[in-house]
Amino acid sequence: MMASSFIIFTMTAGFGLLESGRVSSKDEVNCMVKNVFDVIFGGEFLFDWNQKRAIEIEFVGLAYWMFGYGLTFGDSKHQLGRFFGFGDFFFDPERVSDDDSTDEKGISYSLFIFQMSFATTTSTIVSAGMSERIHLKSHYFISFAITLVHSIAGHWVWDQEGIFRTMGVVDSAGCSAVHLVGGISGLVAILYLTPRRNRFPKN
Numbered sequence: 067m068m069a070s071s072f073i074i075f076t077m078t079a080g081f082g083l084l085e086s087g088r089v090s091s092k093d094e095v096n097c098m099v100k101n102v103f104d105v106i107f108g109g110e111f112l113f114d115w116n117q118k119r120a121i122e123i124e125f126v127g128l129a130y131w132m133f134g135y136g137l138t139f140g141d142s143k144h145q146l147g148r149f150f151g152f153g154d155f156f157f158d159p160e161r162v163s164d165d166d167s168t169d170e171k172g173i174s175y176s177l178f179i180f181q182m183s184f185a186t187t188t189s190t191i192v193s194a195g196m197s198e199r200i201h202l203k204s205h206y207f208i209s210f211a212i213t214l215v216h217s218i219a220g221h222w223v224w225d226q227e228g229i230f231r232t233m234g235v236v237d238s239a240g241c242s243a244v245h246l247v248g249g250i251s252g253l254v255a256i257l258y259l260t261p262r263r264n265r266f267p268k269n
């Protein structure tokens, strides 16, 4: 499972190359650094070129630790259990493990990291669409929100009681909870933000 998590995390390098190839030369390094540290810290790392200082914000990892895992794999035995989980917030392997053995805690940590890698990928897809169009502070909050949206969609297809899972839907490699959610969220973002300034001259 950890090997699979590593492979998923390395997808961010590909997204970084794609993103840096679509922006002006002055923003290429910023795009690559942001995507690389997105993996290292499980969140967002951006460089403020005006102040020449690094800004490390672990919003994706923080959001998934606080609420994401619980929304995806929390208790489904409530009235809206088919739509989102509830419980297991602020992930703690001692709470989610069936016993206190070291092996069981290791499995819980592995599952958490594996699922967080999907959340990071979803956020990276959205951030690629918003390159050069959004302020850094806004990007932090959008990353946090997208992680929560991804977590709810993940419950629909990954949890045994999820609404689409009970209908027989099979999510192959995160095609819906990751790529569909990231793609739709990115589309909504770019339609709202409109094209980058001076990207398409009138003449």
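Per my numbering: the sequence shown = residues 67 to 269. Ideal Cβ positions, reconstructed from N, Cα and C, are used throughout, including at glycine. Remember, it's a predicted structure, so these values are computed and weren't measured experimentally.
Query raised in the report: Buried or exposed: which applies to A219, given that a residue is buried once 16 or more other Cβ atoms fall within 10 Å of its Cβ?
Result: Buried.
**Report entry** Proximal residues to M132 (C-beta, below 7 angstroms), its chain only, five neighbours per side dropped
**Finding:** Closer than 7 angstroms at Cβ, skipping near neighbours: F155, F156.
Query raised in the report: Is S204 buried or exposed, if buried means 16 or more other CB atoms sit within 10 Å of its CB?
Result: Flag for S204 reads exposed.
Query raised in the report: By the 10 Å Cβ neighbour count, where 16 or more other Cβ atoms means buried, how is E160 classified, buried or exposed?
Result: Of the residues assessed, E160 falls on the exposed side of the cut-off, its CB having fewer than 16 other CB atoms within 10 angstroms.
Query raised in the report: Of all the beta strand (DSSP E) runs that stay within the bounds of the segment 165-203, which reach a length of 3 or more residues?
Result: Listed in chain order, the beta strand (DSSP E) runs fully inside the segment 165-203 amount to none, counting runs of at least 3 residues.
Query - Of the residues H144, F149, S197, V192, the one placed nearest E94, counting alpha carbons only - result: For the residues H144, F149, S197, V192, the minimum Cα distance to E94 belongs to S197.
Query raised in the report: Is G151 near F139, with beta carbons less than 7 angstroms apart?
Result: For the pair G151 and F139, the CB atoms are nearer than the 7 angstroms cut-off.
**Report entry** Delimiting residues of the alpha helix (DSSP H) encompassing T76
**Finding:** In this chain, the alpha helix (DSSP H) harbouring T76 covers 68-86.
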